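Residue numbers (our numbering): 18 to 333.
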């Protein structure tokens, strides 16, 4: 099974060593489950073998408690998988008294109990709740959040490794253990982000007056900015220049296909349903599909509600 089981160093943390424990025997797994049942919070991650096939298999389960260490459980073998399904899922994943966190919780839910899972929360979704001015990131991947909060570039080379092979080398185990460690650290950074003030404590008239003060100079600045951008774009297009200072002229290619071809492509190239190949239906498209379309697609759809917001307009 590669390196011996037991605590080991996890490198790549700017000189800091993080302990992890590797579990490969059912009795050790059961002892860990008994301890996890007493924890108020857990951070969880998984590594999956054959993820691009119709029959993906859970290979590793990673768990971290608030006090550590990171535990990597090899669940590929039959007796370990039995403990996973008969003890870990009902006693930990289905336990609503334990708050569990994963970065892409929807993916972990798929392999750790599906509808039986209770109180599983997502650091990705938590990050999405913050407006851009409080968390100025376009990507909210774990790697992007680690880079933003800690200035650390994550090496994701092993993300698509062959997790079904045995023995796994130490680098694989260390990579797996690092995911729960980073999820734990990112969680605490997100918790520390200051929430917006309570609107009930603000003076609406002062907010409106200050907003209107900013509108006129903002509109004037936008007019000047648009003029500069248009002039630079025209020059770069006419001269064949792709970069000028920090201006970049790019060509964007859009691919369009019919729904049947798209579905056939997804079934062929992503049988494990790892990628979220979603289709957004506008109100007009839903109406064209018929009055009962929402009832038909509701069991398969991810439904999100949004609001349109518009502030006062600047005077001409």
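Using N, Cα and C, we set each Cβ at its ideal position, and we do this for glycine too.
Please read these numbers as outputs of a predicted model, since none were measured by experiment.
- Only residues of its own chain outside the window of five on either side were considered, and among them 37, 38, 39, 40, 77, 78, 79, 190, 193, 194 have a CB closer than 8 Å to the CB of residue 89, listed in chain order.
- When the Cα atoms are used, residue 174 and residue 132 turn out to be separated by approximately 32 Å.
- Assignment of beta-bridge partners to residue 258 by DSSP yields no partner.
- Within the segment 172-251, the alpha helix (DSSP H) runs of at least 4 residues that lie entirely inside it are, in chain order, 187-209.
- In its chain, beyond the 5 residues on either side, 329 have a beta carbon closer than 7 Å to the beta carbon of residue 229.
- Per the Cβ contact rule, the segment 90-109 is not in contact with the segment 193-209 (fewer than 3 Cβ pairs under 8 Å).
- Here DSSP, grouped into helix, strand and coil, assigns residue 63 to strand.
- 152 is the residue among 258, 176, 152, 81 whose C-alpha sits nearest the C-alpha of residue 165.
- Contact between the segment 203-221 and the segment 139-149 is present: three or more C-beta pairs spanning the two stretches fall below 8 Å.
- Under the three-state reduction of DSSP, residue 167 is assigned to helix.
- Just measuring C-alpha positions, the residue of 295, 268, 289 sitting nearest residue 279 is 295.
- Taking a cut-off of 8 Å for Cβ pairs, the segment 47-63 and the segment 110-125 touch, as three or more such pairs fall below it.
- With distances taken between CA atoms, residue 74 lies nearest to 289 out of 307, 300, 289.
- Inter-residue distance for residue 67 and residue 298 is about 32 Å (C-alpha atoms, whole angstroms).
- Cβ-Cβ distances below 7 Å link residue 324 to nothing in the same chain once the five nearest sequence neighbours on each side are left out.
- The residues 157, in chain order, have a CB closer than 7 Å to that of residue 145 in the same chain once the five nearest residues on each side in sequence are set aside.
- A direct Cα-Cα distance of roughly 14 Å separates residue 301 from residue 309.
- Sorting 65, 81, 72 by C-alpha distance to the C-alpha of residue 50 places 81 at the top.
- Linking residue 285 to residue 222 through their CA atoms gives a straight-line distance of about 58 Å.
- Rounded to the nearest angstrom, the gap between the Cα atoms of residue 267 and residue 257 is 11 Å.
- In this structure, 130 is the residue among 245, 130, 87, 124 with its C-alpha nearest to the C-alpha of residue 103.
- Pairing residue 292 with residue 171, the inter-Cα distance amounts to about 21 Å.
- With 16 or more other Cβ atoms inside 10 Å of its own Cβ, residue 120 counts as buried.
- Bounds of the beta strand (DSSP E) holding residue 81 are 74-82.
- Nearest to residue 167 by alpha-carbon distance, out of 148, 187, 178, 207, is 207.
- Residue range 87-91 is occupied by the beta strand (DSSP E) that includes residue 89.
- Beta-bridge partners assigned by DSSP to residue 265: 260.
- Taken through DSSP and simplified to helix, strand or coil, residue 36 comes out as strand.
- Boundaries for residue 68: no beta strand (DSSP E) harbours it, and the DSSP string shows neither H nor E there.
- Residue pairing by DSSP puts residue 118 in a beta bridge opposite 60, 138.
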